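The block underneath contains the structure these notes are about, expressed in structure tokens.
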Amino acid sequence: SILNFYSTLIFGQNGNPVWQELINEKSWDKKKAMLTDEAWLDRARESWDNQFPHSTLNDTEGMLLRESESGFGPVGCTLAEYQREAGFNHTSDALAKWVLNNGQESVILKRSYPRDDDMLNRLLMDDNTLCNVSDSGAHGKMFCGAGYNVALLTEYVRERKFLTIERAIYMLTWRTAEFFGLHDRGLIKEGMVADIAVFNLEEIEMRPEKKIWDVYDGKGSRTYRYTRDAAPMRLTLVNGEPTFDRGEFTGRYPGEFIGPEVEGGAQMAIAAE
-19 SILNFYSTLI FGQNGNPVWQ ELINEKSWDK KKAMLTDEAW LDRARESWDN QFPHSTLNDT
41 EGMLLRESES GFGPVGCTLA EYQREAGFNH TSDALAKWVL NNGQESVILK RSYPRDDDML
101 NRLLMDDNTL CNVSDSGAHG KMFCGAGYNV ALLTEYVRER KFLTIERAIY MLTWRTAEFF
161 GLHDRGLIKE GMVADIAVFN LEEIEMRPEK KIWDVYDGKG SRTYRYTRDA APMRLTLVNG
221 EPTFDRGEFT GRYPGEFIGP EVEGGAQMAI AAE
């Protein structure tokens, strides 16, 4: 996952409250003061030493210094490598100096958990498994899983032939819709919502990740998000209307907010008072 120093819960979630204090302070000037304050640095070292033993923050060989807001650097090396090369005795001090030099929007990429292919194979064949569940739309700066629906089709269907195309599509559509109570979509069937993607399995790929600055920040400027180029789909229908046709946006917005449909919901309703 991706870690920046403007807004994240990662330090708190990993039992490091002092570094979380830095994140929670929204003023960069105040953050810079904290990063040079000996009292805070002492507390930060102690907090780092006492974070959860299983924390991924302890894996400094797996923390890639990926992007610098200021351009100061270094980037392209791990936090452990930077600590050794810069001569810091403590990881917290090394990180503090790197953030101070590079800015709060600088990015560290944490190494993913090891992939267990045997477990993944068993899960993909389990009827209780939900596929295509991602919170990438809610975390544009963290990039949580965008594109892995395409990877399911390319790796497990086309290349490894572990799944049939029918099962993979079922897992990506009706299985998920049914679980979340979206009973009016997920199948190509008369009377159901026509949310349909048309593609050629030989043409699609999970495209490389990229960073684009197209998100309004509410202050008259723009901020960034991570995304990928289209797989591509040949045609995308929403409510039966084409939104993308051969890669071109049609200018239509037929989508609607949706929620689960509960059978007998009216009978289950009770007065709030």
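For the sequence shown, position 215 matches number 195 in the numbering used here, and the numbering has no gaps at all.
By construction, the Cβ of each residue, glycine as well, lies at the ideal position given by its N, Cα and C atoms.
Keep in mind that this is a model prediction, so the values were computed, not measured.
Listed as beta-bridge partners of phenylalanine 179 by DSSP are no residues whatsoever.
When only Cα atoms are considered, arginine 226 and tyrosine 136 end up about 25 Å apart. The C-alpha of cysteine 111 lies about 37 Å from the C-alpha of valine -2.
Excluding sequence positions up to five before and after alanine 76, its CB lies within less than 8 Å of the CB of Leu15, Leu21, Ala24, all in the same chain and listed in chain order. About 22 Å separates the beta carbon of methionine 213 from that of phenylalanine 160, a gap too long to meet the 8 Å contact definition. In this structure, alanine 157 places its C-beta atom within 8 Å of the C-beta atom of glycine 166.
Taking the CA atoms as reference points, leucine 132 sits about 11 Å from leucine 100.
Within the same chain, Cβ atoms closer than 8 Å to the Cβ of leucine 103 are found at Thr109, the five residues on either side in sequence being excluded. Linking tyrosine 233 to glutamate 65 through their CA atoms gives a straight-line distance of about 53 Å. Between the alpha carbons of alanine 177 and proline 240 lies a distance of about 22 Å. By the 16-neighbour rule on beta-carbons within 10 angstroms, asparagine 69 is exposed. Residue state for tyrosine -14 is assigned as coil, using DSSP reduced to three classes. For aspartate 22, no beta strand (DSSP E) encloses it; the enclosing alpha helix (DSSP H) starts and ends at 18 to 29.
Taking 3 residues as the shortest admissible run, the region 188 to 245 contains the following complete beta strand (DSSP E) segments, listed from N- to C-terminal end: 189 to 196, 202 to 208, 215 to 218, 221 to 225.
In the three-state scheme derived from DSSP, where H, G and I count as helix and E and B as strand, valine -2 is classed as helix.
8 Å or more divides the Cβ of arginine 187 from the Cβ of tyrosine 196. Secondary structure at threonine 144: coil, using DSSP grouped into helix, strand and coil.
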